[in-house]
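First residue of the sequence shown: 7, per this note's numbering; consecutive thereafter.
Virtual Cβ for every residue (Gly too), placed ideally from N, Cα, C.
Reading through the structure tokens given below for one structure.
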Amino acid sequence: MSGSTSGSATPSPRTASSRRRPASPATAARPSRRTARPHRRRDSSRLVRMVRSRRSGRCCPNGTGSSQASRRSSRASRASRGLRLRRTSSGRSRSAPMTIRKVRCSRRHAPGSEAAVMAGSRERRVPLPGSNRAAPDGATLVGDVDPNERISIVVYVKRRTPDKFAPGSAGDLTRLTGPVTRHQLATQRHRSHARAAARIARLAAERGFKVVATDLVARTVVLEGTVRQMAETFGATLRIYRDGQREFRARVGGLTVPAEIAPWTRAILGFDQRPLRTRTPLVQARADTATADDTGSDSGLWPTEIAARYGIPLDRDVSSICVGIIALGGGYLASDLAMALTGMNREPPVVVNVPQTGNDGGLGSNDVADQELALDLQVLAGLLPKARIVVYFAENSAAGLTDAIHQAVFDEEHAPQVISVSWGSAEKFWTAPGRDAMQAVLADAARLRVSVLFASGDQLATSGLTDGKVHVWFPASSPYATSCGGTQPGLAAGNGSAGGEAVWNAGAIGTGGGISDAFPVPDYQSHLTLPKSQNDGAIRRGVPDVACAAAASPGYRIIVNGQAMAMSGTSAATPLWAALVAIAIAARGEQIGFLNAALYANPGAFRAVEQGNNRVGGKGYDAGPGWSACTGLGVPRGADVLAALAAVPVA
């Protein structure tokens, strides 16, 4: 559609003198233009039909409009064609160009009615860039979603002006390290995002949605409505799939956003409930009932024994520390934790559960998730006696993970200084808006000096995909995250220190790592010689940042349902590293926040892993001197890492 018109247009005005030329005889013989038939546009009949259609109320599914509504509709019809009517000196109307404006239905409909939804569907929409989703891999289509089912979605808002810094750039990281309190950040957000939230609230009122919650600090507006209402408004195509474990709702295709809120919309999450990750089967070394003094090598080493290999001190006072765990499903037994702590001869921490909609922390709902949570909790509890550990339960989805991390970052009651996250999935499974929403949360964590650590994945360089490409995990690949890879420990020396370690690669499973497809090289990696991506040859953000033991041999010994088992994975390396960071915070008496700048500035605090690779099917990366796309900087020299983190300036 164009604002210009074809055919004749309103003549340019002429001066009085130019209209007073003497008329020639031939001219005088012609009839006056004032008495001639007025000029008619070639398409005027179509315009008349449109006006009559508007007057008859056809803009709506039923009913006719009032005379006042008809006049508004007539004007709207002309406006939709880029025309307005100007009065000539003869009183006739003549078409002229005008600015195109969005046309709304002139009639007033009950919010949420069929007429309201259909009228709204004719409004101009803007595609949400990067929102397209494919059908879930390996899942079977069950059918359509019930259009009358009520669902909730989360609209993440942003400022209209784009950010001038690239994520992870020097200017970006400098800005994020400036001191700010939760209250100050809340004040800033109310000032910068209140209008955007108000626009979304008005849209909800027009469509008959319910605004469940507005959190300007989180920059979110939660909307509730029927599937039909939500799908009509945001152009979502929803289906039900089954992946062998459960049925879930998935969104296929892209999203469109009503123009009145599009410039302020960062992401829309909640339509899609596909799980972020299904962990590979864990090694269960013993099926018999465990006892506290059972030390058989077939059931792994206690987390305290593995920590001692890296020189991590276990005698520090960490009672002032609070660490958060993100749990996407599953639950734990207090009796299992007590048995594990007895076996490690450690005093118990204070454990607090924070449930979320979609996950109340019930044990037995998912065996894999139960094992995952037991591993996270028992590693942290064993290394941090008397500390406070808060478990944030969440739905296993991108929206659930993003919301849970935000909840932990802004939890004023418990205020965790460190957050351990053992979940994620390949970058390709995250839409660009979904990554952007998570990036905003992790940037807030950096602002508030909360350290967030992520597992780099357990399916080697391809993340378990068979598309012929390599993939790193997100959020581990975020420039605001500290990502943890895994190693295969060597034999322990007589002094208890670790022997030579290699990259954890057990053939079908092993440490994730590689080069991001989504994020540029962050400032803290700019001095490294990073490998080129095996996908396109580009050099971008390298994953992971650090590593430690993750292999099944010897494995981490934990208790699940009263049974001892040896657990493996970067999901074990991540809470061990989180505990090391917590010990450093307790020693310095101040939070650290974003860790990577300090870690990369102190390569001597690590022992590089130079043997092995994370290849599978010929795809992957090799270890070597210095940083590698398998184990990052390497495994920690406990005392040296503590010294490096102690030297971080206090904000």
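With respect to Asp-646, Phe-600 sits apart: the two C-beta atoms are not nearer than 9 Å. Here the alpha carbons of Gly-241 and Trp-583 stand approximately 43 Å from one another.
Of all alpha-carbon atoms in Ser-325, Glu-378, Ala-650, the one lying nearest the alpha-carbon of Ile-564 is that of Glu-378.
As computed with DSSP, Asn-359 is found in a beta bridge with Val-397. Counting C-beta atoms within 10 angstroms of its own C-beta, Lys-164 has 16 or more neighbours from the protein chains shown and is therefore classed as buried. Ranked by how close their Cα comes to the Cα of Val-549, the residues Leu-307, Ile-331, Val-622, Gly-638 have Gly-638 in first place. For Ile-598, the three-state secondary structure derived from DSSP is coil.
Nearest Cα to Ala-141 within the set Arg-257, Met-236, Ala-237: Arg-257. Annotation: the continuous beta strand (DSSP E) that includes Phe-254 extends over 253 to 258. In this structure, Val-223 lies away from Ala-203, with their beta-carbon atoms at least 9 Å apart. Under a 10 Å Cβ-count criterion, Glu-238 is classified as buried, with 16 or more other Cβ atoms of the shown protein chains found around its own Cβ. Between Asn-620 and the set Gly-388, Ala-467, Thr-243, Arg-352, the nearest pair of CA atoms involves Ala-467. Thr-180 and Cys-554 have their C-alpha atoms spaced approximately 29 Å apart.
Secondary structure note for Glu-311: its alpha helix (DSSP H) is the uninterrupted segment 309 to 315.
Minimum Cα-Cα distance from Pro-264 among the listed residues Asp-464, Met-236, Gln-617 corresponds to Met-236.
By the beta-carbon neighbour count (other beta carbons within 10 angstroms, threshold 16), Arg-130 is exposed. The beta-carbon separation of Arg-352 and Thr-310, rounded to 7 Å, stays under the 8 Å limit for a contact. Comparing alpha-carbon positions, the option among Gly-491, Val-476, Ala-558, Gly-496 lying closest to Ser-522 turns out to be Val-476. Judged by beta-carbon spacing, Cys-490 lies beyond the 9 Å limit of Leu-471, meaning their Cβ atoms are not closer than that value. Where Glu-230 is concerned, the enclosing beta strand (DSSP E) starts and stops at 226 to 232. Judged by beta-carbon spacing, Asp-323 lies within the 9 Å limit of Ala-592, meaning their Cβ atoms are closer than that value. Excluding five sequence positions before and after Glu-596, the CB atoms of its chain that fall closer than 7 Å to its own CB belong to Val-656, given in chain order. If only uninterrupted alpha helix (DSSP H) runs of at least 4 residues are considered, those enclosed by the segment 151 to 215 are 176 to 182, 188 to 213.
Ala-653 counts as exposed, since fewer than 16 other beta carbons sit within 10 angstroms of its beta carbon. Every alpha helix (DSSP H) stretch that sits fully inside the segment 402 to 474 and reaches 4 residues is listed by chain position as 404 to 415, 438 to 453.
Scanning Ala-635, Ala-604, Ala-603, Lys-625 for the CA closest to the CA of Gln-617 turns up Ala-635. Counted as a single uninterrupted DSSP element, the stretch harbouring Gln-377 is not any beta strand (DSSP E) but the alpha helix (DSSP H) occupying residues 373 to 389. Secondary structure of Gly-644 (DSSP, three-state): helix. Here DSSP, grouped into helix, strand and coil, assigns Ser-539 to coil. Taking Val-566 as reference, the option from Ala-405, Ala-375, Lys-216 with the minimal CA-CA separation is Ala-375.
Excluding five sequence positions before and after Val-447, the CB atoms of its chain that fall closer than 7 Å to its own CB belong to Thr-408, Ile-411, His-412, Val-415, given in chain order. The C-beta distance from Leu-261 to Ile-274 rounds to 6 Å, short enough to meet the 8 Å contact threshold. Secondary structure at Ala-635: coil, using DSSP grouped into helix, strand and coil.
Cβ-Cβ separation between Ala-333 and Phe-254: approximately 18 Å, too far for a contact (criterion under 8 Å). For Leu-536, the CB contacts under 6 Å within the same chain, skipping 5 residues up- and downstream, are Ile-545, Gly-548 in chain order.
Going by C-alpha positions, Ile-589 is about 23 Å away from Thr-187.
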